[in-house]
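Using my numbering, you'd call the opening residue of the sequence shown number 13 and step up by one each time.
See structure below.
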Amino acid sequence: IWNLFGLWILEFGIYLQKEIFMPKIAMIGAGSQIFCKTLSMDIMATPALKDSELWLMSRTKPKIDRMEKFLKKVVKENKLPTKIYSTLDRKKALDGADFVIVMIQVGGLDAFKIDYEVPLKYGVDQCIGDSLGAGGIFRQGNRMKTHSIMELCFQDF
């Protein structure tokens, strides 16, 4: 997802920087202390996205509270225009989102192992396989309910 997102920003970055664009970015599974933190920092450091609203969503309140507190501190200390929100409600996070980043890990290491080993069995050797290639397709197809994302985010299309 990040690579697709990054390519989109590279392609349309000039347009975004010239226009006033404050996208709502829904981050599903944002309790991830490493991935969410790193990705959020990258988003806030990207000139075309610094005015974004980051909507953090997790099913775990202590984790999402910790992430929200950390990111709000980063915003305040760096005087960034980014707005940070958190919710336990997936529909609230997705409502009107311009971008959706799904960073959930369902099934733990056992499921992750399958995402890597099945493509390898058929000759596809990939580094991680969590978001791109055959492993990424397995992961998203097996674990993500894209219909709810489509219904909530793309109502006008």
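Using N, Cα and C, we set each Cβ at its ideal position, and we do this for glycine too.
Along the alpha helix (DSSP H) that carries V87, what are the first and last residues, could you check? In the sequence shown, counting from the first residue as 1, residue 87 sits at position 75. In the DSSP annotation of this structure, the continuous segment of the alpha helix (DSSP H) that includes V87 starts and ends at 73-89.
In whole angstroms, what separates the C-alpha of T50 from that of S70? Working through the sequence shown from its first residue, we reach residue 50 at position 38. Working through the sequence shown from its first residue, we reach residue 70 at position 58. Those two C-alpha atoms are separated by around 16 Å.
Separation of G135 from V86, as counted between CA atoms: Taking the sequence shown and counting its residues from 1, one reaches residue 86 at position 74. Taking the sequence shown and counting its residues from 1, one reaches residue 135 at position 123. Distance between the alpha carbons of V86 and G135: 43 Å.
Secondary structure of K103, DSSP reduced to three states: As a working mapping, residue 103 is identified with position 91 in the sequence shown. DSSP places K103 in helix when its eight states are reduced to three.
Let me make sure I understand the geometry here. Which of G41, L92, S44, D77 has the alpha-carbon closest to that of L61? Along the sequence shown, read from residue 1 onward, the residue named residue 61 stands at position 49. Closest by C-alpha distance to L61, out of G41, L92, S44, D77, is L92.
So the beta strand (DSSP E) L66 belongs to, where does it begin and stop? Indexing the sequence shown from 1 puts residue 66 at position 54. Run containing L66: 65-69, per the beta strand (DSSP E) assignment.
Determine the DSSP secondary structure at T58, reduced to helix, strand or coil. Mapped onto the sequence shown, residue 58 falls at position 46. For T58, the three-state secondary structure derived from DSSP is coil.
List the whole-angstrom C-beta distance separating V112 from L106, where the pair is believed to meet the contact cut-off of C-beta under 8 Å. For the purposes of this step, residue 112 is identified with residue 100 of the sequence shown, where counting begins at 1. For the purposes of this step, residue 106 is identified with residue 94 of the sequence shown, where counting begins at 1. Between V112 and L106 the beta-carbon gap is near 6 Å, inside 8 Å, which marks them as a contact.
How many whole angstroms separate the CB atoms of T94 and L66, which I take to be in contact at a CB cut-off of 8 Å? For the purposes of this step, residue 94 is taken as residue 82 along the sequence shown, with counting starting at 1. For the purposes of this step, residue 66 is taken as residue 54 along the sequence shown, with counting starting at 1. About 6 Å; that satisfies the 8 Å criterion.
Rounded to a whole number of angstroms, what is the C-alpha to C-alpha distance between D101 and E129? Position 89 of the sequence shown holds residue 101. Position 117 of the sequence shown holds residue 129. Here the alpha carbon of D101 sits roughly 34 Å from the alpha carbon of E129.
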